Amino acid sequence: MDRIIPIKGKVKFSITLDPGVWIFDDRKVDLHTYFSGQTEKAEKEDEIQKISAYWDREIQEGAYFPPTLKTEKKFVKEKIITGTFGMPLAPFLNNAEVLDDATELMIVTDNGEFTIPLQQAYQLVLGFSKDGKPLKENGPVHVYFGDGSNQNTPITHVRELIIQ
């Protein structure tokens, strides 16, 4: 199965997407929290808890040494191994430089074609990992609408993205 997805059509630059390398990309989003709107709130709460814990220990125990880099790397590695991730499509559309007369995005799949307005395409998220594993059987990506309305029934078996 081909794991590369082209973006072509009414673009200045036709580009290819390789979901296999996105796990290392900082732009990836956690699909368990992305559509619930809790992502930013959870990140802020996590940061507040880290700062609070630091100062609590600093005051109670004297000098506090933050977790080692090794501990942090272990946490990140564990999250990658077990996480369910997606990648926003907008940066790739921006890199392809969509032409001014383009109005739609056609998503070509093994099961047919889906056409959506171009403005909606900029809100899409491409799921590429479920529970730490690439989407092999019905992938290489799942297409989710930005509002999460198809969160339980994403577009699967995606083969190419054509700007029209």
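Residue numbers (our numbering): 1355 to 1518.
For each residue, glycine too, the CB sits at the ideal point set by N, CA and C.
Given the structure is predicted, the values throughout are model-derived calculations rather than measurements.
Check: Can you find at least 3 beta carbon pairs, one from the segment 1444-1451 and one from the segment 1483-1496, that sit closer than 8 angstroms?
Finding: no
Checklist line | Through-space distance from G1440 to Y1498, alpha-carbon basis | finding: 9 angstroms
Notebook entry, point to check: Which whole runs of the beta strand (DSSP E) in the segment 1431-1518 are 3 residues long or more, in chain order?
Noted result: 1439-1442, 1458-1463, 1466-1471, 1479-1484, 1496-1498 and 1512-1517
Check: Taking DSSP as the reference, what is the three-state secondary structure of I1377?
Finding: helix
Notebook entry, point to check: Counting along the chain, where does the beta strand (DSSP E) carrying K1362 start and finish?
Noted result: I1359 to G1363
Next item on the list: Give the straight-line distance between the Cα atoms of A1456 and T1469, rounded to the nearest whole angstrom.
Entry: 12 angstroms
Next item on the list: Keeping to the same chain, check which residues put their C-beta closer than 6 angstroms to that of Q1474; ignore five residues upstream and five downstream.
Entry: none
Checklist line | Cβ neighbours of G1500 in the same chain (closer than 7 angstroms, five flanking residues each side left out) | finding: Q1477, L1478 and V1479
Notebook entry, point to check: Straight-line CA distance for E1451 to V1462?
Noted result: Using only the alpha carbons, I get a separation of about 20 angstroms.
Checklist line | Cα-Cα separation between K1364 and G1437, rounded to whole angstroms | finding: Distance between the alpha carbons of K1364 and G1437 is about 34 angstroms.
Next item on the list: Can you grab the Cα-Cα spacing for the pair N1506 / F1389, in whole Å?
Entry: 11 angstroms
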